[in-house]
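Protein chains in written order, with our numbering: chain P, 16 to 220; chain A, 16 to 220; chain Z, 27 to 294. Idealized CB from N, CA, C, for every residue including glycine. In this text, all values refer to a predicted model and were calculated from it rather than measured experimentally.
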Amino acid sequence: MDGWTESPGAIDGDEPVAARSEDARAVEAVLMVAVEPVEPALLAELLETTPARVEDLCAGLAASYEAEERGFVLVRVAGGYRFQSAPDLAAYIERFVLGGQSARLSAAALETLAIVAYKQPVSRAQLAAIRGVNVDGVVRTLQQRGYVAEVARDPGPGQAVLYGTTTSFLEKLGLDSVDDLPPLGGFVPDAGVVATLEQGLRPNE
Amino acid sequence: MDGWTESPGAIDGDEPVAARSEDARAVEAVLMVAVEPVEPALLAELLETTPARVEDLCAGLAASYEAEERGFVLVRVAGGYRFQSAPDLAAYIERFVLGGQSARLSAAALETLAIVAYKQPVSRAQLAAIRGVNVDGVVRTLQQRGYVAEVARDPGPGQAVLYGTTTSFLEKLGLDSVDDLPPLGGFVPDAGVVATLEQGLRPNE
Amino acid sequence: MPYEVSTPVFEGPFDLLLHLITRQQVDLYEVSLSAIVDAYLAHVETMGDLDLDVATEFLLIAATLIELKSSRLLPNVGDGDLDEELALWEERDLLLARLLECKTFKDAARALDRLADAAELSRPRVAGMEERFLSLVPDVLAGVTPEHLRTALLRALTPKPPPPRVDVSHVNLVKASVRDTVDELASSLPVTGPTTFRRLTAGIEERIQVIVHFLALLELYKDGLVELEQAAAFGEMRVTWVGPVGAPASSATRAVVAAISSAEEGEG
Chain P
16 MDGWTESPGA IDGDEPVAAR SEDARAVEAV LMVAVEPVEP ALLAELLETT PARVEDLCAG
76 LAASYEAEER GFVLVRVAGG YRFQSAPDLA AYIERFVLGG QSARLSAAAL ETLAIVAYKQ
136 PVSRAQLAAI RGVNVDGVVR TLQQRGYVAE VARDPGPGQA VLYGTTTSFL EKLGLDSVDD
196 LPPLGGFVPD AGVVATLEQG LRPNE
Chain A
16 MDGWTESPGA IDGDEPVAAR SEDARAVEAV LMVAVEPVEP ALLAELLETT PARVEDLCAG
76 LAASYEAEER GFVLVRVAGG YRFQSAPDLA AYIERFVLGG QSARLSAAAL ETLAIVAYKQ
136 PVSRAQLAAI RGVNVDGVVR TLQQRGYVAE VARDPGPGQA VLYGTTTSFL EKLGLDSVDD
196 LPPLGGFVPD AGVVATLEQG LRPNE
Chain Z
27 MPYEVSTPVF EGPFDLLLHL ITRQQVDLYE VSLSAIVDAY LAHVETMGDL DLDVATEFLL
87 IAATLIELKS SRLLPNVGDG DLDEELALWE ERDLLLARLL ECKTFKDAAR ALDRLADAAE
147 LSRPRVAGME ERFLSLVPDV LAGVTPEHLR TALLRALTPK PPPPRVDVSH VNLVKASVRD
207 TVDELASSLP VTGPTTFRRL TAGIEERIQV IVHFLALLEL YKDGLVELEQ AAAFGEMRVT
267 WVGPVGAPAS SATRAVVAAI SSAEEGEG
């Protein structure tokens, strides 16, 4: 938050606050014409400043839009900054954008995608072993949707194709990087579930 | 300019946050995601209000951006409204266009253009799947350049836009038709890519 | 194919197992097992020699299920050979670990779905450059020949090199497979000498990782490469390397043989 939004009088006052520096304005201008998230390093280069200052500027701008309840937001996605419509106005956007919603992923595709996301790079055989079913069709779907791509070959004898997630995946989830995935540890079943499973598998009872 | 920044109540009547009415926010959201200028009549339809009120809202927004010395402006062009970068910041945009990312972008653009040329008609989803990244921006750039155009709609449920190359593309390369592109010869693309191209138009399983 | 167990509520054998067990709606041993086992075996058959890794995993599970089923039919099998019972428990723990892993990713998938739903509400701006800047955009076809275009296509169709290494330390724990841990232990245990399970797993926080270590030790035990001693229930488990000092025999090969033979016994 910057002081400027809290005291609107300052806007037309003598010295615009720091956020109205030419740098902040330049960030707004560049992001307005960009077609993909713009990395802080690139903005820093354009502004002849440091990435850290760019981060500060962007944080200040994002806070000001939020404080002013603008219909757009400034977010950090897939390693860069971009303008997006405000989430609470989704209903208007859906009416405006023809065929708005992208097709939903099936449960099988989502689960496979989760394994790829957390275990990448990972082979189809590894995916199949975890899911307990053949995953060829699902992996193809995920590739077609652009969420998963071949990222490497296993150096071992089989030269198996290894899969990883793409920047489209990050954009789809609104994440800045894979590191921002919710920690997998949070999903490990708790003691109660383990006990139930264990009981279910007990041979003689 | 407008009453809002000086006396915020003026725009929409008594409410002090009137300018932050849902209507004004919806206009901001729609214009933020719109690719072409949006006509007041269309905005009025989305907001279930009158074009005259839309004009008022847009005038209010444009004035507020100006008063706040934003790096972007709201202008009326070609019969509609759209966001643009502020004219006095053109130097930054020029550096952005010519600067660091242009080499990377043109490599991406050439690859994307090559896929469109050889595999047309092709959807953005297919392009994204093959390239492993979101291609919306690149396709937009190629469209603006006039090398790529919408040539059809996928008859399937998604009605995805299908892209092909244009005559100016052929002229630039000195070709009579896309059939004159160099043959791919013995190159066998990866099975995943083939599947993407052949089945990419089908909806999610 | 009977393998395709799929309803709106669950899908695939693992999900079926999870569902049945966690809901306790069905008596696991009486209703579902034979169908699941049949489905697994049928699937393994159709796979042929396509993927030994997957086939091995399936066989292990199938063998476990058959063992479980037979022990259900013969309630006092536990009084029999101690080795057999140990083997049964080992497979049971492996199955448990697999189920836990499967459930973990099911829950993770649900979280990703929620993230995607939230992200869907907010659309990006992709309007691009205003006309006045278009002339500045470098012409992508400047100096490009049709042959360059062909090269660009081939480049696009070739798998990309691996991305810069991302920090996935928060998921590395699950990455370690039983086999990796077997290899790890097989090279470290001969050097460290006798130790305890507690010491081996000191500093490991994730439960799955501890389970993986335990299963790896059982694997080594089965191959006769380590001795395990436990004086009392929940007591300290002593681990002593008794195998040759050098490259260990391929435990994966033995696991396949063991799983196949026990599956045949179970059917008979």
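Check	Outcome
Can you find the residues in the same chain that come closer than 6 Å, C-beta to C-beta, to A77 (chain P), ignoring five residues on each side of it along the sequence?	L89
Let's test the definition: count the other Cβ atoms within 10 Å of the Cβ of G171 (chain P) and tell me whether it reaches 16, buried, or not, exposed.	exposed
I want to know whether the segment 123-137 of chain P touches the segment 65-83 of chain A - three or more CB-CB distances under 8 Å.	no
Does the distance from the CB of L177 (chain P) to the CB of R168 (chain P) come in under 9 Å?	yes
Closer than 7 Å by beta-carbon distance: list the chain P residues that pair up with K132 (chain Z), in chain order.	E126
Interface residues of chain P around F87 (chain A) at Cβ under 7 Å?	E43, A44, M47
Under a CB-based cut-off of 9 Å, is V209 (chain P) close to chain A?	no
Do the segment 143-162 of chain Z and the segment 175-193 of chain A make contact, defined as three or more Cβ pairs closer than 8 Å?	no
In chain P, which residues lie with their C-beta within 8 Å of the C-beta of V170 (chain Z)?	Per Cβ cutoff of 8 Å: no residues; V170 (chain Z) is ~21 Å from chain P at best.
Run through chain P and tell me which residues come within less than 8 Å of S148 (chain Z), C-beta to C-beta.	V88, V90, Q99, S100, A101, P102, A105, G189
Q159 (chain P): buried (16+ other C-beta within 10 angstroms of its C-beta) or exposed?	buried
Counting C-beta neighbours from all protein chains within 10 Å, is the total for T171 (chain Z) 16 or more, i.e. buried, or is it exposed?	exposed
Our contact map puts G95 (chain P) next to V53 (chain P) with C-beta atoms below 8 Å; I'd like the distance itself, whole angstroms only.	5 Å
Cα separation between T207 (chain Z) and A143 (chain P)?	20 Å
Helix or strand or just coil, what does DSSP make of S100 (chain P)?	strand
Helix, strand or coil for V166 (chain Z) per DSSP?	coil
Could you give the residue range of the beta strand (DSSP E) that holds F3 (chain P)?	The question about residue 3 (chain P) has no answer here: the residues shown for chain P are numbered 16 through 220.
L61 (chain P) versus chain A: which residues are under 8 Å apart at the beta carbon?	Y107, R110, F111, G114
Consult DSSP for L157 (chain A) and reduce its assignment to one of helix, strand or coil.	helix
Considering V234 (chain P), what are the terminal residues of the alpha helix (DSSP H) in which it resides?	Here chain P comprises residues numbered 16 to 220, so residue 234 (chain P) is not present and cannot be evaluated.
Under 8 Å by Cβ, that's how I've got V48 (chain A) and I108 (chain P) pegged, so tell me the actual separation to the nearest angstrom.	6 Å
In its own chain, which residues sit with a C-beta less than 7 Å from the C-beta of A56 (chain P), not counting the 5 before and 5 after it?	P66
Excluding sequence positions up to five away, which residues of its chain have a Cβ less than 7 Å from the Cβ of A123 (chain A)?	V153
Anyone know if the C-beta pair for A164 (chain A) and S138 (chain A) falls short of 9 Å?	no
With a threshold of 6 Å on Cβ separation, who are the neighbours of R40 (chain A) within its own chain once the five nearest residues in sequence on each side are excluded?	none
Would you mind telling me which residues of chain Z sit closer than 7 Å to L76 (chain P), beta carbon to beta carbon, in chain order?	Per Cβ cutoff of 7 Å: no residues; L76 (chain P) is ~14 Å from chain Z at best.
Name the DSSP beta bridge partners of F87 (chain A), please?	A:S100
Return the CA-CA distance between E127 (chain Z) and C73 (chain A), expressed in angstroms with no decimal places.	54 Å
In whole angstroms, give me the CA-to-CA distance for V5 (chain A) and S100 (chain P).	Absent from the model: residue 5 (chain A). The displayed extent of chain A is 16 to 220, so no value can be given.
Mind checking G314 (chain Z): buried by the 16 CB within 10 Å criterion, or exposed?	Residue numbering for chain Z in the displayed model covers 27 to 294; residue 314 (chain Z) lies beyond these limits and cannot be assessed.
Taking the alpha carbon of A93 (chain A) as the point to measure from, which residue in A:V50, A:N149, A:D103, A:D191 has its own alpha carbon closest?	A:V50
If you draw a straight line from the C-alpha of V217 (chain Z) to the C-alpha of G250 (chain Z), how long is it?	17 Å
To the nearest angstrom, how far is it from the Cα of V166 (chain P) to the Cα of E60 (chain A)?	46 Å
Roughly how many angstroms lie between the CA atoms of G147 (chain A) and L180 (chain Z), to the nearest whole one?	15 Å
Starting from R264 (chain Z), trace the beta strand (DSSP E) both ways and give me its first and last residue.	263-267
By the 7 Å beta-carbon criterion, what residues does the segment 151-177 of chain P contribute toward chain A?	G152, R155, T156, Q158, Q159, R160, G161, A164, E165
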